[in-house]
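Converting from the sequence shown to the working numbering requires adding 24 to each position, the first position being numbered 1. Yeah, the Cβ is synthetic: ideal placement off N, Cα and C, and Gly gets one too.
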Amino acid sequence: MCGIVGYVGPKDCSEVLVSALTKLEYRGYDSAGIAVFDNGEIKTVKTKGKLKDLEDKLNEVGKPGGNVGIGHTRWATHGEPSDVNSHPHSGARVTIVHNGIIENYIELKEFLVSKGKTFESDTDTEVVTQLLDYKYNGNPLETIDDVMAELKGSFALGIMFKDFPDRVFAVRRESPLIVGVAEGESFIASDVPAILKYTRNYYLLDHDEIATLTKEGVTFVDEHLDPVEKELKTADWDMEAAEKGGYPHFMIKEINEQPEAIKTTIMPRIKDGLPCLEECGITLDKIKDFNNITIVACGTAMHAGMVGKYVIEDLARVPVTVDVASEFRYRNPIIGEGDLVIIISQSGETADSLAAMRLAKQKGAATLAIVNAKGSSIAREADMLIYTLAGPEIAVASTKAYTTQLSVMYLFAFELALAKETVSSAECKRLVSALMKMPEAVQYVIDNCEKKCKYIATKLITADSLLYIGRGLDYALSMEGSLKLKEVSYIHSESYAAGELKHGTISLIEEDMPVIAVATQTDVIPKTVSNIVEVKSRGAKVILVCTDICARELKDDVANYVVEIPHTDELLMPITAAVPLQILAYYTAVNRGNDPDKPRNLAKSVTVE
Ligand code: AGP
């Protein structure tokens, strides 16, 4: 999704803006641009392509020299990626950058055309530019407020008025935006990593608040233009956490960070050997009466929810429905008072997940958010909140967010089972103790499986299509393995419940088609092995991810390649079994010449529908 930055201060603004934009590249983009006050005039340079293309253009046309400006990386929604559709967009008196979607842009455009305004681009953003221009009354705050009242949809905006060359204005509704501050300078950005080089102090802009950035500092007003006092936050991770630290890609760095991320996430939530989620607003008393749980999320986070369903149902005997947020929000779900809706999101800003949570609240359900990004919209609006403490996840393909989401799902399932008295305290302690061993187990898998997975990945690069199969928890994990591979390698892949293959999908199997089977659950291993034999005898090349125990019992030729992982408590196996699937996806992408951190067409934080 688009990235926004802005700067007011003593430094070379063009340099600060481009440098800050590089830290938002992970969000995905197809064009970039900056606008800077240069001797009282707004000078804009923008181009289709990457930041390198923008830098080349800046060198060619000359960098605007000034100290106040805004910048943007665009992920096209309305209008193809092109120079003219790139941001910033300017009217006669105003220049803006925008992240989000203006849903009523067609009617606004018709109105503005009827008033004689003309449009250069196909974007919804230019409508905001022209509307600001049309409504401008010499007072920027009143003008912005007036325009906001007309806009429907989501937006984070960085705005400069020609008449006010010493300041940048910022406003947001739904889309994320933070305001960074340091001595004598201030920043706006879509995400914290963009400002970390300059400061760790920032404010979270609330919906419909307007920030004014000047050299003297930052002021905030609400939608009634009344001043707002805001709490200054400090980022608890530094530049290093948002840098590659010697790894070639963020994705492999983040895979390697999983042992630490899991440990950091679970340890503060364990007391006397039992889960303790009181600080997250969760007590046994508060959750014991939930008899119906719905987990709502998108992509990887939804897959973590699938594992959560198996575990909660198994341990706490509470029925769990897992739903894709974009479906849940439009299907009039049957939930209400007394039900619990769990929303899982790394970014905490995914538009569909946020809308799903609001719908759940509207229907009277209690909401629990499992979120990684501190202070994000979902985190702020949920009734109960458990942060995954994974640190910044920069690669578009989620890895450490997934395994920390799983870790939190386990802690919650243990707590719920205690509340429901479906497990004894002693059994719960045993489970918690097994969970505490997972960081070490994950480290073991990274250390011992990377080489083999790297080799197997060389066998996948020419595949046109793959299947992932498993049963029970292994099936839930297969969904994530399949998504990981397809999103970074661009090889078509599907996950299937192994027992369902013979009801149609097995007809796809042909000579040398890779099938990745996951078999960690002892009770269904013989069944999965039968399914493996079925596909292998039809020509499939089988890659089996299984426990060491399972590997010892299998005949040598059951699979073409076997990745063995240590046997842990079986309920917890998805945490360790996820790792080889992530590594396979990573090396397949790299072998195919893809950038696994920024897969084509994808954005890290999906803040539009
Ligand atoms: C997974 O690798 C993707 N990045 C994607 O599926 C992601 O999990 C999904 O968009 C949800 O994002 P969220 O966790 O930030 O809500």
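Residue state for His327 is assigned as helix, using DSSP reduced to three classes. Exclusion of Gln154 from the 7 Å shell around the ligand AGP follows from its C-beta lying no nearer than that to any non-hydrogen atom of the ligand. At least 8 Å separates the beta-carbon of Gly204 from that of Ala194. Beta-bridge analysis with DSSP links Glu588 to Cys570. Beta-bridge partners of Pro299 (DSSP): Ile294.
Between the ligand AGP and the CB of Leu507, the shortest heavy atom gap is smaller than 7 Å. Straight across, the Cα-Cα distance linking Leu301 with Ile410 is about 8 Å. Below 8 Å, enough C-beta pairs join the segment 554–569 and the segment 534–542 to call them touching: three or more. Relative to the ligand AGP, Gly269 has its C-beta separated by 7 Å or more from all heavy atoms. Of the candidates Met537, Gly523 and Cys477, Cys477 places its Cα closest to the Cα of Ile276.
In terms of Cα proximity to Ala206, the closest of Thr258, Leu165 and Ser506 is Thr258. Taking every protein chain shown into account, the CB of Thr482 has fewer than 16 other CB atoms within 10 angstroms, so this residue is exposed. When the five nearest sequence neighbours on each side are left out, the beta carbons in the same chain lying within less than 7 Å of the beta carbon of Leu229 are those of Ala194, Arg196, Leu201, Ile202, Val203 and Ala235, in order along the chain. Taking 3 residues as the shortest admissible run, the segment 321–369 contains the following complete beta strand (DSSP E) segments, listed from N- to C-terminal end: 344–348 and 364–369.
For Gly162, there is no enclosing beta strand (DSSP E), as DSSP marks it with neither H nor E. Annotation for Pro550: the continuous alpha helix (DSSP H) segment containing it runs Ile549 to Lys560.
The beta carbons of Cys26 and Asn123 sit about 4 Å from each other, so the pair counts as a contact at 8 Å.
With the rule of 3 Cβ pairs closer than 8 Å, the segment 492–509 counts as touching the segment 544–561. Not one heavy atom of the ligand AGP is found less than 7 Å from the C-beta of Thr631.
Apart from sequence neighbours up to five positions away, the residues of its chain that approach Pro604 with a beta-carbon distance below 7 Å are Val469, Cys473, Cys477, Val569, Val587 and Ile589, ordered along the chain. The segment 124–133 makes no contact with the segment 87–98; the number of CB pairs closer than 8 Å stays below 3.
Look at the beta carbons and you see the segment 335–354 touching the segment 433–448: at least three pairs across the two are nearer than 8 Å. The beta carbon of Lys622 lies closer than 7 Å to those of Glu49, Tyr50, Gly52 and Val420 in the same chain, with the five residues before and after it left out.
Annotated three-state conformation of Phe314 is coil, per DSSP. Secondary structure note for Ser448: it is in no alpha helix (DSSP H), with a DSSP letter that is neither H nor E.
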